[in-house]
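Numbering (the working numbering), first residue to last: 343 to 663.
What follows is the structure, encoded as structure tokens:
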């Protein structure tokens with residue numbers, strides 16, 4: 343019986359911090375009257391002091407939503423003695439702060455697509471990328487011991503990537519370097535990139551996959567560049583890129599890259615043909631010059647110039663002339 347009584351006494355005893363508070367209150371001279379009260383009333387008195395302050399909480403301090411969807415910014419009053427507190431919402435972007443809910447109505451760019459739910463929470467419809475910001479819920483309770491409380495909620499709006507811009511060289515000689523580019527500027531968070539050749543995904547490094555042992559390329563998934571240090575015939579094919587993030591993905595159209603061999607014999611033969619043609623042209627010009635085709639015809643002796651006629655006078659050539 344004593345053991346059971348002791349166990350019930352332990353379970354009924356208040357927690358150690360509260361027991362210390364009760365003992366301190368009993369020792370203080372102004373609270374000698376409270377010393378005669380049961381511990382239960384002292385605990386109620388202690389809790390009443392805490393309720394005299396407005397307190398806020400949120401079920402989600404970091405909501406993430408995709409563009410054009412709806413989201414609720416949770417702001418809940420947990421403790422307050424004021425029946426009609428004043429509620430305000432503010433939007434903070436960088437060093438700019440603007441009212442969202444003030445004087446019991448929606449303000450600014452959220453007018454017409456937001457409302458206050460359950461006295462304090464804020465719901466936004468058709469969110470856009472411009473709605474990504476810090477939102478501060480402020481409550482003023484005039485009848486509470488602590489009249490003001492606030493919480494800050496960070497809203498992140500994810501944006502699906504648009505079709506990326508891809509640049510693929512059309513023809514590259516064997517052994518030369520080649521760089522393929524893929525860029526997208528609308529997605530948030532920033533997308534990561536992946537390249538495909540003939541519908542087959544490419545690794546970030548050709549050396550880590552035996553299937554691409556005849557290739558020598560590196561893929562930067564953050565910038566979207568695919569760099570071949572020295573292309574091979576096997577690198578020919580149809581290439582396309584996909585930009586992806588948590589909101590979705592988008593791809594560009596396929597583009598063909600051809601890797602061709604350099605025909606050294608053909609190049610040498612072409613150079614010899616050009617040199618032969620130039621030699622023939624030079625020889626023909628020399629022969630024409632020697633035969634006088636480029637010399638002006640002149641009369642033997644002094645050149646004769648017909649004198650001009652005087653006005654109204656007929657000129658008659660003499661026998662000596």
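Where a beta carbon is used, it is the ideal one built from N, C-alpha and C, also for glycine.
Just so we're clear, the structure is a prediction, and the values are computed from it rather than from any experiment.
Alpha-carbon spacing of residue i relative to residue j, whole angstroms
i: residue 581; j: residue 552; result: 20 Å
i: residue 510; j: residue 567; result: 10 Å
i: residue 557; j: residue 594; result: 23 Å
i: residue 410; j: residue 451; result: 15 Å
i: residue 476; j: residue 560; result: 39 Å
i: residue 620; j: residue 604; result: 25 Å
i: residue 498; j: residue 533; result: 15 Å
i: residue 527; j: residue 535; result: 12 Å
i: residue 473; j: residue 531; result: 14 Å
i: residue 630; j: residue 616; result: 21 Å
i: residue 614; j: residue 626; result: 18 Å
i: residue 462; j: residue 564; result: 41 Å
i: residue 599; j: residue 635; result: 54 Å
i: residue 545; j: residue 537; result: 8 Å
i: residue 547; j: residue 408; result: 32 Å
i: residue 623; j: residue 573; result: 41 Å
i: residue 484; j: residue 422; result: 10 Å
i: residue 550; j: residue 500; result: 33 Å
i: residue 588; j: residue 596; result: 24 Å
Endpoints, beta strand (DSSP E) assigned at residue i
i: residue 515; result: 513-515
i: residue 464; result: 463-466
i: residue 508; result: 507-509
i: residue 595; result: Residue 595 -> no beta strand (DSSP E), and no H or E assigned at all.
i: residue 430; result: 428-435
i: residue 479; result: 475-482
i: residue 585; result: 579-587
i: residue 456; result: 456-459
i: residue 469; result: Unbroken run through residue 469: none, as it is neither H nor E.
i: residue 532; result: That residue, residue 532, is in no beta strand (DSSP E); it is neither H nor E in DSSP.
i: residue 570; result: 567-570
i: residue 397; result: 397-399
i: residue 414; result: 413-415
i: residue 441; result: 438-444
i: residue 453; result: Taken as a continuous stretch (DSSP letters only), residue 453 belongs to no beta strand (DSSP E), as it is neither H nor E.
Assumed close pair residue i, residue j - CB separation to whole angstroms, cut-off 8 Å
i: residue 424; j: residue 486; result: 6 Å
i: residue 444; j: residue 430; result: 6 Å
i: residue 570; j: residue 519; result: 6 Å
i: residue 505; j: residue 592; result: 5 Å
Beta-carbon proximity list for residue i, same chain, < 6 Å, skipping 5 on both sides
i: residue 590; result: 502
i: residue 395; result: 486, 487 and 488
i: residue 579; result: 539 and 540
i: residue 403; result: 495
i: residue 405; result: 413 and 497
i: residue 401; result: 416
i: residue 459; result: 465
Beta-carbon proximity list for residue i, same chain, < 7 Å, skipping 5 on both sides
i: residue 482; result: 427, 428, 489 and 490
i: residue 435; result: 475
i: residue 351; result: Its pLDDT being 42, under 50, residue 351 is placed unreliably in this model, and the value from its coordinates should be taken loosely. Excluding sequence neighbours, residue 351 sits near nothing in its chain.
Same chain only: Cβ atoms within 8 Å of residue i, ignoring 5 sequence neighbours per side
i: residue 602; result: 513, 514, 515 and 516
i: residue 442; result: 431, 432, 433, 448, 449, 450, 452, 456, 464 and 477
i: residue 492; result: 398, 478, 479, 480 and 481
i: residue 420; result: 397, 398 and 399
Requested in this report: Could you say if the stretch 405-415 and the stretch 460-473 meet the contact criterion of at least three C-beta pairs nearer than 8 Å?
Outcome: The stretch 405-415 makes contact with the stretch 460-473: 3 or more CB pairs, one atom from each, lie closer than 8 Å.
Query raised in the report: Per the contact definition of three or more C-beta pairs closer than 8 Å, is the stretch 516-527 in contact with the stretch 583-598?
Result: Between the stretch 583-598 and the stretch 516-527 there are three or more inter-stretch CB-CB distances shorter than 8 Å, so the stretches are counted as touching.
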